[in-house]
Amino acid sequence: MRRGRGHANEGASTCKRAQPAPGRHGGAGGGEHASGGAARLRPRRPRPHRPALPQECSEPAGREPRLRDTPEDICLEATANAIALHPARPLLAAGDVDGDVYLYSYSRTEGENRQLWSSGHHLKSCRDVAFSQDGQKLFTVSKDKSIHVLTVEEGRLETRFPKAHGSALNCVLPIDNHVFATGDDDGALKVWDLRKGDAILEARQQEEYISAMAVDGNGKILLTTSGDGTLGVFNVKRRRFELLSEPQNGDLTSVVLLKRGKKVACGSSEGTIYLFNWDGFGAASDRFALRAESVDCVVPVTDSIVCVGSLDGVIRAVNILPNRVLGCVGQHLGEPIEQLALAPGGQLLASCAHDQKVKFWDVSALGALVVDDYRRKKKKGGPLRALSSKAAGSGEDFFADLRDEAEPEAAAGSDSDGSD
9 MRRGRGHANE GASTCKRAQP APGRHGGAGG GEHASGGAAR LRPRRPRPHR
59 PALPQECSEP AGREPRLRDT PEDICLEATA NAIALHPARP LLAAGDVDGD
109 VYLYSYSRTE GENRQLWSSG HHLKSCRDVA FSQDGQKLFT VSKDKSIHVL
159 TVEEGRLETR FPKAHGSALN CVLPIDNHVF ATGDDDGALK VWDLRKGDAI
209 LEARQQEEYI SAMAVDGNGK ILLTTSGDGT LGVFNVKRRR FELLSEPQNG
259 DLTSVVLLKR GKKVACGSSE GTIYLFNWDG FGAASDRFAL RAESVDCVVP
309 VTDSIVCVGS LDGVIRAVNI LPNRVLGCVG QHLGEPIEQL ALAPGGQLLA
359 SCAHDQKVKF WDVSALGALV VDDYRRKKKK GGPLRALSSK AAGSGEDFFA
409 DLRDEAEPEA AAGSDSDGSD
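In terms of our numbering, the sequence shown is residues 9 to 428.
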């Protein structure tokens, strides 16, 4: 089992064209170093934030800018491990395998994507990025064990915890404007208070890397998923560990709240979504097996519909209870998807993958979809339904690879349509 999120080519020198990379959950330690990476891992001097550079994916010369359905792709110099969208403004943050952090403004107007600043303070791969709830700060965590807090306006390093954990950090989650949580490769969780400048909760209840975190609307209960297949429950207000779920099959890779906070959905490395009742975290109440290689990242679009990213590069829309695969929102052809992010208003989805691009997808139609309990028989061998104009853009060759998942079925005994 691989430790950490399985980010491609971490610490290795980069090139303009993405190199093939292993999936998130390959062999032990895979992805932390490219081939021959041990000889190439040289510490880099921290760089201050750099002025904006022209965006590579710009409009062709001699053409009037036009309004698009979605912003143009953002082309990066290295593979992005993580992206985040600002809670109120059209801003996107990205952290890459070189340890660099970028802030972009994005627009539906052709040629209007702009890099605003970049920061190179991390010495190793940047694993995760997240905006504070008020949108004024950007939290970043790295394989170099450090936490950085940057100002969104200038990219200035405001606060730094150089040796925040004993091992490489994997994820960060703001809980309110002052409190945030971090998880590392060895299963350690810390909750920090910026006003005190120190951790207010430390725990190591899970045996493998912390892959993702979520918190309830009151900022009280913190949930963590781990590579050991468990869901951890922590009480932030009382600063204590509550309980650990039974281990599920494969790594648990992601966690989101649904059904007005009554349900919790966790993705797994084996392509299954596990569901937990809010008052029953000890054991999964339901499971839904997708015909996908994995469920590496999940983002809720509505109270019942989530978008999931997988190793096969496909972004699927999935309805939870009743459990249905609704179709394909988009794809990074053959490139494992690292992270998804939803824009304010829920109309626009962003994704990053090993192709060194951030892509945008129109998910506005998902909110109008109605899924009833009755499952209509689908013709075996048909393609996934295209849920956006860009989803079908790669033609028949793309859908030929999806023939086996035409009939969105749950695992035996796992489709609890009547439950809520």
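C-beta: ideal position from N, C-alpha, C; glycine also.
Spatially closest choice to residue i from the options, by CA coordinates
i: G342; options: G353, V333, P352, G317; result: G317
i: A291; options: V149, V309, E254; result: E254
i: R76; options: A86, R97, E120; result: E120
i: I328; options: W286, V379, L202, K198; result: V379
i: G227; options: Q214, K245, Q347; result: K245
i: L87; options: Y110, E72, R74; result: As written in the sequence, residue 87 is Thr, which differs from the Leu given in the question. T87 has its Cα closest to that of Y110, out of Y110, E72, R74.
i: Q214; options: Q256, N185, K204; result: Q256
i: A176; options: G195, K153, T159, A376; result: K153
i: L124; options: K151, R164, S150; result: R164
i: H130; options: F368, T148, S234; result: T148
i: A90; options: V199, Y114, D104, R116; result: D104
i: G191; options: D184, A222, T167, N185; result: A222
i: D320; options: S234, D311, E278, K171; result: E278
i: V241; options: A96, W286, E216; result: W286
i: K398; options: H186, P95, A376, C336; result: C336
i: L100; options: L374, E72, K367; result: K367
i: T117; options: S150, L374, T78, A102; result: T78
i: C305; options: T233, G375, G288; result: T233
Assigned exposure category for residue i - 16 Cβ within 10 Å defines buried
i: G225; result: exposed
i: V307; result: buried
i: G401; result: Residue confidence for G401 is low, a pLDDT of 42 falling below 50, so the modelled location carries little weight; the figure read from the coordinates is stated next. G401 is exposed by the Cβ-count criterion.
i: R295; result: buried
i: R203; result: exposed
i: D206; result: exposed
i: C134; result: buried
i: Y112; result: buried
i: E346; result: buried
i: R268; result: exposed
i: E161; result: exposed
i: A196; result: buried
i: G353; result: exposed
i: K3; result: Outside the shown range of the chain (9 to 428) lies residue 3, about which nothing can therefore be said.
i: D142; result: exposed
i: P416; result: Bear in mind that a pLDDT of 37 at P416, under 50, signals an unreliable position, so the number given afterwards is only what the model happens to contain. P416 is buried by the Cβ-count criterion.
i: R332; result: buried
i: N178; result: buried
i: E80; result: buried
i: H208; result: Looking at the sequence shown, residue 208 is not His but Ile. Exposed, because fewer than 16 other Cβ atoms sit within 10 Å of the Cβ of I208.
i: K198; result: buried
i: E72; result: exposed
i: E216; result: buried
Pair within 9 angstroms by beta-carbon distance, residue i and residue j
i: V180; j: D236; result: no
i: L93; j: A361; result: no
i: F188; j: A138; result: yes
i: K145; j: G107; result: no
i: Q364; j: C83; result: yes
i: S276; j: V309; result: no
i: I323; j: L348; result: yes
i: T167; j: I183; result: no
i: V371; j: L392; result: no
i: S126; j: P98; result: no
i: A325; j: L395; result: yes
i: L283; j: A273; result: yes
i: D194; j: R212; result: yes
DSSP three-state assignment for residue i, whether helix, strand or coil
i: K198; result: strand
i: L181; result: strand
i: S302; result: coil
i: A220; result: strand
i: R268; result: helix
i: G375; result: helix
i: W472; result: Residue numbering for the chain in the displayed model covers 9 to 428; residue 472 lies beyond these limits and cannot be assessed.
i: N285; result: strand
i: Q347; result: strand
i: L84; result: coil
i: E161; result: coil
i: S262; result: strand
i: T280; result: strand
i: R431; result: This structure cannot speak to residue 431, because the chain is shown only from 9 to 428.
i: G240; result: strand
i: L319; result: coil
i: E210; result: strand
i: R10; result: Confidence in R10 is poor, its pLDDT being 39 and thus under 50, which makes the residue's placement too unreliable to answer from.
i: R324; result: strand
i: N331; result: coil
i: Q339; result: strand
i: S150; result: strand
i: T310; result: coil
Near the ligand ATP: residue i beta-carbon under 8 angstroms from a heavy atom
i: R332; result: Among the ligands in the structure shown, none appear at all, so the ligand ATP cannot be discussed.
Inter-stretch contact at 8 angstroms, needing at least 3 Cβ pairs: the segment 261-277 / the segment 241-250
no
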